[in-house]
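Below: the structure, in structure tokens.
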Amino acid sequence: MFLVLLTTLFGIAITWMFATIIRNRATVSRLAKKLPIFTIVPSVPVLGSAYHFKDPTPEGIFATFTGFHKRYGRNLITQGLFNHPSLQICDPKVIEQVMQARTIEKTIIYDFMMPWLGTGLVVSTGSKWAQRRKIITPTFHFKILEDFLVIMNHQTDVLVEKLSKSANGKDFDIYEHVTYCALDIISESAMGVKLNTQLQPNSEYVMAVKEISNIILKRLFSFLREYKWAFQFTKAHDRQKELLKVVHGFAYRVISERKKQLQDEREKQKAQEKLEEEDVYGKRRMTLLDLLLNVSIDGAPLSDSEIREEVDTFMFAGHDTTTSCISFAAYYLSRDATVQQRAYDEIQAIVGPDAKSQELTYGTLQELKYLEMVIKETLRMNPSVPIIGRRSAGDMVIDGVNIPKGMDFGILIYALHNDAELYPEPSRFDPERFSEEASAKRQPYSYIPFSVGSRNCIGQRYAMLEVKTMLVKLLANYRFLPCDASNELRIKTDMTLKPVNGTFVKIVPSAAVRTIPSKYTYVTMAITVLLLLALLLYTILYVTQKTLQNRRHAVALLKQLPHFRTLPTVPLLGSAYLFLDTTPDGVLRALVDCHKRYGKNLVLQELCNEFKLLTSDPRIFEQVIQAKTVIKPNFYRFLLPWIGLSSVVSNGTRWTTRRKIINPAFHFKMLQDFLGTMSTQADILVEKLVPLVGGPDIDIHAPLRYCAMDIICETAMGIRLECQSNPKVQFMEANEEIISLVFKRVFNPLLSNDTIFSCTSTGRRQRAVLQVIHQFTDSVIRERMKQIKDTPNWGSRDNENRTRKMTFLDLLLEARLDGEQSLSDEDIRGEVDTFMFAGHETIASCVSFALYYLSHNPDCQQRLYEEIVSIYGTSDVASADLTYSSLLDLKYADMVIKETLRLNPSVPLIGRLSAGDMVIDGVTIPAGTEVMINIYDMQNDPDYYTDPDQFRPERFVEEPQPFTYLPFSTGIRSCIGQRFAMLEMKTLLAKLLSRYRILPCEKDNVMQVKADLTLKPYRGAFIKIVQRNTCAV
20 MFLVLLTTLF GIAITWMFAT IIRNRATVSR LAKKLPIFTI VPSVPVLGSA YHFKDPTPEG
80 IFATFTGFHK RYGRNLITQG LFNHPSLQIC DPKVIEQVMQ ARTIEKTIIY DFMMPWLGTG
140 LVVSTGSKWA QRRKIITPTF HFKILEDFLV IMNHQTDVLV EKLSKSANGK DFDIYEHVTY
200 CALDIISESA MGVKLNTQLQ PNSEYVMAVK EISNIILKRL FSFLREYKWA FQFTKAHDRQ
260 KELLKVVHGF AYRVISERKK QLQDEREKQK AQEKLEEEDV YGKRRMTLLD LLLNVSIDGA
320 PLSDSEIREE VDTFMFAGHD TTTSCISFAA YYLSRDATVQ QRAYDEIQAI VGPDAKSQEL
380 TYGTLQELKY LEMVIKETLR MNPSVPIIGR RSAGDMVIDG VNIPKGMDFG ILIYALHNDA
440 ELYPEPSRFD PERFSEEASA KRQPYSYIPF SVGSRNCIGQ RYAMLEVKTM LVKLLANYRF
500 LPCDASNELR IKTDMTLKPV NGTFVKIVPS AAVRTIPSKY TYVTMAITVL LLLALLLYTI
560 LYVTQKTLQN RRHAVALLKQ LPHFRTLPTV PLLGSAYLFL DTTPDGVLRA LVDCHKRYGK
620 NLVLQELCNE FKLLTSDPRI FEQVIQAKTV IKPNFYRFLL PWIGLSSVVS NGTRWTTRRK
680 IINPAFHFKM LQDFLGTMST QADILVEKLV PLVGGPDIDI HAPLRYCAMD IICETAMGIR
740 LECQSNPKVQ FMEANEEIIS LVFKRVFNPL LSNDTIFSCT STGRRQRAVL QVIHQFTDSV
800 IRERMKQIKD TPNWGSRDNE NRTRKMTFLD LLLEARLDGE QSLSDEDIRG EVDTFMFAGH
860 ETIASCVSFA LYYLSHNPDC QQRLYEEIVS IYGTSDVASA DLTYSSLLDL KYADMVIKET
920 LRLNPSVPLI GRLSAGDMVI DGVTIPAGTE VMINIYDMQN DPDYYTDPDQ FRPERFVEEP
980 QPFTYLPFST GIRSCIGQRF AMLEMKTLLA KLLSRYRILP CEKDNVMQVK ADLTLKPYRG
1040 AFIKIVQRNT CAV
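The numbering of the sequence shown is our numbering, which starts it at 20 and goes up by one.
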């Protein structure tokens, strides 16, 4: 009986095996026919392609895997046990299609990581991943990274000191030293705990990480270990349990130590009666571990095991990958003296002769462009994560072919980066591959060391900062020399790419060149001193003459303009001492105070008492705006590096030509087409806010910015960015920073000089920020051009069709293609940068202000809600048809927006420069005189608006007095996008208020405003939201 049963089971097993093999091989054949760009790797029944892996070591496995692509091509079909198929790719075009699948699932290797990393950020998928990513993202904000630099500098100094014992010109393994340094940095910066492993090496943890990574790799290529039920009976499973005790114990000790530190800090502050939550857990000081310890999901805190999962993930990824990159870079630099010397020269030029001990700053590191190229080339040759896995969820398409659900993909980044077609002579270390010119020509998805898409490495900026810091300090202190032939680099992979037996180099101290001053040197120094004295004397005479001349002109003009008063001044500095607080909100307060104390019409004197007129008088503004020649003031030139001579900055015929090109993009028929996008993106925003319902104060400005960015990109540029789902944090931060840098130049006389500015750290920082912005904008333009190229008969549409469907960017591109307007690439980018900024920044600010005011004025909010329900016949606006005409019918919404823009105009200050044809009260204003119109003060003047600080939308039942309400400026230079803006703001308000009731924030979060290029909330626009269907209105 038993024998019969056994025979039956055996027969079933054999039948199942043959059926599985036949089915899998049939799948392989079908895929090969449908995807001719894929090649089948030779295989045998049962074992599939496994017989190729004759060397079971990590080094051998990696060599076999990469060898497949060299022998059979970029896109391969491999077969595992029972001929189960999987796809191995290193073709950029195919990678792009795989990465664009909406549903991301991980392959089996990630299951093998779960006993170690649990369902942390690397392993988790779906909503859990999105939730964790959202929690962790603030830790890698650039302001937080600046704080981390103190730790990186200190720990690297410790490393430099330790390496002094090896600076004897003999081979040594730098990998181990860098490992402990990186471990100290990640533990102190991300966990807030000082481990001091450089001074007291914890080799048990480091060795456990290496061994457990090795076990995970071997499971992938072992038929027995691959299955969980079989793996638990192996020695490797027992060994893994022992290793997990070590790594988990290490993580729990880190968590426990940080908990104790935070508790001690709180108790200490309580004792001093100065407990300030923001000081203990504030954004500027909060580490990743602090976030995890204090966050709650659905009202419950994370468990210790959930926190441990993320600690394990970041402790491993945060030291292992950067260690490999830095040690590989040191190895390649040691073997190329020319590249090393150039990197050293750059460090000396930018950081200075004290680079050995200099405290490195964020701005300085961003300027090290050649060193960045060295790092990128290192990551090309040896990407830290050489293979990533994805699994089809059924929505993956390659070349029009639907990939079956459950199909595994291996994306071999190492083979991609070492493809001779993409990178000629791939084994040659050549940082020039990453020059701006070479990078612009590179095929998309051909360089992905940090992966790509929504699952890209969250810590890539942190990693680049750490790698740069270490390399700067190491190169400043030591010269790298090549190791002996017996210690040449060999690589392997487990979970990351690393050396087989270490990374060996030689180092010697970086000798300083000393010279004895000669007689010629002393003569040169004497001449230099005399020239400097002569220059100083000339400067004093010039400044004195200029100051006296300007003061005479100001006095003469004031006699002719009795309505103007001069602000208090001092020689040379003029009225600058009134603006000692140069912060954006400080300057605005000072301007308002000047008008209150001295009147509507003022003469403001600057450096060398150069004067300009400052007015908040609508009568004067009417006369200024009537000047035939419109010229922008001098400070607009500070925008040129960012937006070039775009329509905001240009004058004369150039401006007229641009305006003519752009106007059709804002035709009312185009606006009707845009409504679908506005409505869809507003619905996404509404859903994004659901988890925040009934919770504490929220800063509504940030989500509104992402929503507005998605709208302007899809409507005006024709490109879907999906910022709300995948925030373009770096681009948005770069926009914020460039505005701040431009603002600094306006109020700093030294920085206003282009030559001086370019030599300062601020100038260097501006170049780095502009690179981020321009790269992003260029990518938007390239994407749209690709869409146009792929659209049949795009250039042959009739005039009616063009009017209805051409976006703002299309019009610019067509103008260049037609050759009529001669727009250069820089011209197009300037206009795109302008509208990308203005199209999201001003709208997000206005809607944020409106929601804030409505939260504090429930009667106004109720009236607006009732109007929305009345117009659409339902409170469920999400399902209603928002049309152009229905939005125009929202008259009270119109008044709410107008009142918001009265209180807080998007552009609070505008300027004009007299061309000699400007007349005020019958007096011709001298050519070159600047006139600044303070719209903010004019619209908050009690002479024109009773109780101006009160939010009263009913003011706009009747039209205000002429020229007293100018939120979009006026005349021919008025805002071209004002109808677009009103339509978008109404859409957002209708969607938000139909779903949520807006409540006021806590007193600590009262609104403050700041003015740089635009008026916006200072430190956020805070409100509370509750569901309308759960709360009586």
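We treat Cβ as the ideally placed atom computed from N, Cα and C, and that holds for glycine.
Contact under 7 Å by Cβ, residue i with residue j
i, j, result
"F685", "I995", "yes"
"G382", "R784", "yes"
"I366", "A374", "yes"
"S458", "L441", "no"
"M415", "I422", "yes"
"P924", "Q958", "yes"
"C879", "L431", "no"
"V113", "N94", "yes"
"A573", "V643", "no"
"N754", "F827", "no"
"G713", "V314", "no"
"L311", "E328", "no"
"T796", "R848", "yes"
"V197", "S346", "yes"
"F469", "D190", "no"
"R410", "T126", "yes"
Residue from the options whose Cα sits closest to the Cα of residue i
i, options, result
"V266", "P320, T332, D844", "T332"
"R452", "R739, T397, T138, H88", "T397"
"H793", "P590, F750, T774, E755", "F750"
"G618", "I639, E625, G605, T602", "I639"
"K1096", "Q743, A727, F999", "Here the chain has residues from 20 to 1052 only, and residue 1096 is not among them."
"C344", "T853, M489, V1025", "M489"
"T699", "T672, I731, K679, I719", "I731"
"L633", "I80, A255, E949", "E949"
"K213", "D203, Q219, P220", "D203"
"P1097", "L500, K147, L549, V548", "Only positions 20 to 1052 of the chain appear in this structure, which leaves residue 1097 out of reach."
"R258", "L281, K247, I234", "I234"
"R921", "I939, K181, S898, N953", "N953"
8 Å Cβ shell around residue i - same chain, five flanking residues per side excluded
i, result
"L659", "V668"
"T534", "Because the pLDDT at T534 is just 43, under 50, the model does not fix this residue reliably, and the value given afterwards should be weighed accordingly. Within the same chain, T534 has no close Cβ partners at all."
"Y271", "D323, R327"
"L263", "P134, W135, I231"
"Y655", "V667, V668, G930"
Supposed close pair residue i, residue j - CB separation, criterion 8 Å
i, j, result
"T585", "L577", "6 Å"
"R803", "G737", "5 Å"
"K1043", "L1018", "4 Å"
"A1040", "H720", "4 Å"
Chain-order list of residues whose beta-carbon lies under 6 Å from that of residue i (same chain, five-residue window excluded)
i, result
"M36", "none"
"R677", "S666"
"N670", "I650"
Cβ neighbours of residue i in the same chain (closer than 7 Å, five flanking residues each side left out)
i, result
"L136", "V142, E328, D331, T332"
"R509", "E78, P518, V519, N520"
"I369", "T383, E386, L387"
"Y194", "T342, S346, P518, G521, T522"
"D837", "Reliability fails at D837, whose pLDDT of 49 lies under 50, so the model's placement of it is uncertain and the value that follows must be treated cautiously. If we look at D837 and ignore the five residues flanking it on each side, it has no Cβ neighbours."
* Please confirm if the region 969-980 is in contact with the region 894-905, defined as three or more CB-CB distances below 8 Å between the two stretches. => no
* State whether the region 202-220 contacts the region 164-179, with contact taken as three or more CB pairs (one from each stretch) at a distance under 8 Å. => yes
* Between the region 38-48 and the region 99-111, are three or more C-beta pairs nearer than 8 Å? -> yes
* To do: Could you tell me whether the region 603-614 touches the region 1025-1037, where touching means 3 or more Cβ pairs closer than 8 Å?
  => yes
* Asked: Should the region 760-778 be regarded as contacting the region 152-169, the criterion being three or more beta carbon pairs within less than 8 Å?
  -> no
* To do: Indicate whether the contact test is met: 3 or more Cβ pairs, each with one atom in the region 944-951 and one in the region 1000-1007, closer than 8 Å.
  => no
* Counting Cβ pairs, one atom from each stretch, are 3 or more of them under 8 Å apart for the region 262-282 and the region 549-562? -> no
* Asked: Counting pairs of Cβ atoms below 8 Å between the region 771-782 and the region 852-866, do you hit three or more?
  -> no
* Determine contact between the region 719-739 and the region 691-705, defined as no fewer than three beta-carbon pairs at a distance below 8 Å. => yes
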